[in-house]
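Report on the structure given below.
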Amino acid sequence: MAGGQYRPVWFWRTVPGLAAAHCLCCLTEIPGGAWLSRIKPYSIMTTEQLLAFCAFAVITLVTPGPNNMMVLASGLNYGFLRTLPHLAGIACGFAFMVFLTGTGLHSVFVKFPVIHSVLKYVGAAYLLWLAWHLARSGPMDDERRERARPMGFLGAAAFQWVNPKAWVMAVGAISTYLPNGANLPDVVMLAVIYGILGAPCIGLWAGFGVAMRRVLTDARSVRIFNGVAAALLVASLYPILVD
1 MAGGQYRPVW FWRTVPGLAA AHCLCCLTEI PGGAWLSRIK PYSIMTTEQL LAFCAFAVIT
61 LVTPGPNNMM VLASGLNYGF LRTLPHLAGI ACGFAFMVFL TGTGLHSVFV KFPVIHSVLK
121 YVGAAYLLWL AWHLARSGPM DDERRERARP MGFLGAAAFQ WVNPKAWVMA VGAISTYLPN
181 GANLPDVVML AVIYGILGAP CIGLWAGFGV AMRRVLTDAR SVRIFNGVAA ALLVASLYPI
241 LVD
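Here the sequence shown stands for residues 1 to 243, numbered as in the UniProt record's numbering.
Okay, here's the thing in structure tokens:
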């Protein structure tokens, strides 16, 4: 970025890249597509900014939240392998949310903040319902565990859209690291980074749950654990809803 010049990305020099840029320009001419004019087909993020974002992503993914508490309980109740689709759904679903936020949803929330508030409170209500069911759940024997179904890929991906912490993270990432408008390669980069880091970071919590299976060997201790996990799930909503 020497001399104030933006760094072009190789993709936009290719035939597919030129075609994509042309389509982007055309879309800005249709009704309702004016917001696309702010999406620039070049990268402005420096290596230092990308490294800072990676640290930001790891911290926001690892810190307790609804996803973390849910995979913690899933690891305990179903094991790590059966929790993998849940982890993949979180990673892909949230990465897609970051991409959409960077290419238009963030502008919608800025213009209509009530939409963001409604999504947060609807998501909070759904999480309270999940916490109630988790608190009431007891231990499962091997036969019941085999018949039970943990949250799958599509369910976990869809859950991100009612996850208040996910919305706060997505909007915060875009507003902090792309404050001057969306740059398509950078938006894609942020989404891909979250997609790559999501499963291993949140997977640590599933690993904790699996480790707890060796400690929680009786029905009473499992019920207590599920109750504590449900309480932590509810507690994770507080800093999000008061923000």
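Note that CB positions come from ideal geometry on N, CA and C, so glycine has one too.
Quiz item: Taking Cβ positions, are residue 103 and residue 170 nearer each other than 8 Å?
Solution: Stepping through the sequence shown from its first residue, residue 103 is reached at position 103. Stepping through the sequence shown from its first residue, residue 170 is reached at position 170. No, they are not a contact pair.
Practice problem: Only counting runs of 4 or more residues, tell me where the alpha helix (DSSP H) segments fall wholly within the region 41 to 122, in order along the chain. | Solution: 47 to 62, 66 to 78, 80 to 100, 106 to 111
Quiz prompt | Cα-Cα separation between residue 188 and residue 78, rounded to whole angstroms | solution = The residue labelled residue 188 in the question sits at position 188 within the sequence shown. The residue labelled residue 78 in the question sits at position 78 within the sequence shown. Straight-line Cα distance between these residues: approximately 33 Å.
Quiz item: Using a Cβ-Cβ cut-off of 7 Å (strictly less than) and excluding sequence neighbours within five positions of residue 87, which residues of its own chain qualify?
Solution: Mapped onto the sequence shown, residue 87 falls at position 87. 71, 199, 202, 203, 206, listed in sequence order.
Quiz item: Are residue 184 and residue 98 touching if we call contact CB-CB under 8 Å?
Solution: One-based indexing of the sequence shown puts residue 184 at position 184. One-based indexing of the sequence shown puts residue 98 at position 98. No. Outside cutoff.
Quiz item: Can you tell me the Cα-Cα spacing of residue 222 and residue 115, whole angstroms?
Solution: On the sequence shown, position 222 is the one that residue 222 refers to. On the sequence shown, position 115 is the one that residue 115 refers to. Rounded to whole angstroms, residue 222 to residue 115 spans 39 Å at the Cα level.
Quiz item: Would you say the region 229 to 236 touches the region 88 to 97, given that touching needs at least three Cβ pairs under 8 Å?
Solution: no
Quiz item: Of all the options 214, 166, 137, 217, which has the alpha carbon lying nearest to the alpha carbon of residue 195?
Solution: The count along the sequence shown starts at 1 and reaches residue 195 at position 195. Nearest of 214, 166, 137, 217 to residue 195, Cα basis: 166.
Practice problem: Using the Cα positions of residue 107 and residue 118, report the straight-line distance between them to the nearest angstrom. | Solution: Translated into the one-based positions of the sequence shown, residue 107 becomes position 107. Translated into the one-based positions of the sequence shown, residue 118 becomes position 118. Answer to the nearest angstrom: the Cα atoms are 16 Å apart.
Practice problem: Might you give, ordered along the chain, the residues of its own chain that have their beta carbon closer than 6 Å to the beta carbon of residue 60, omitting 5 neighbours on each side? | Solution: By 1-based counting over the sequence shown, the position of residue 60 is 60. Answer for residue 60: 169, listed in chain order.
Practice problem: Taking residue 218 as part of the alpha helix (DSSP H), name the residues at either end of that continuous run. | Solution: Residue mapping note: residue 218 aligns to position 218 of the sequence shown, counting from 1. First-last for residue 218: undefined, no H or E at that position.
Quiz item: For residue 127, which option in 66, 55, 155, 219 has the closest C-alpha, if you only look at C-alpha atoms?
Solution: Taking the first residue of the sequence shown as position 1, residue 127 is located at position 127. The residue with the shortest Cα to Cα distance from residue 127 is 66.
Exercise. Under the assumption that residue 75 contacts residue 154 (Cβ atoms under 8 Å), give the Cβ distance between them as a whole number of angstroms.
Key: Start at 1 with the first residue of the sequence shown, and residue 75 comes out as number 75. Start at 1 with the first residue of the sequence shown, and residue 154 comes out as number 154. Going by Cβ atoms, the distance from residue 75 to residue 154 rounds to 20 Å, so no, they are not a contact pair.
Exercise. Can you say whether residue 224 is buried or exposed, counting buried as having 16 or more other CB atoms within 10 angstroms of its CB?
Key: The residue you call residue 224 lines up with position 224 of the sequence shown. It counts as exposed.
Quiz item: Cβ of residue 174 within 8 Å of Cβ of residue 53?
Solution: Numbered from its first residue, the sequence shown carries residue 174 at position 174. Numbered from its first residue, the sequence shown carries residue 53 at position 53. No.
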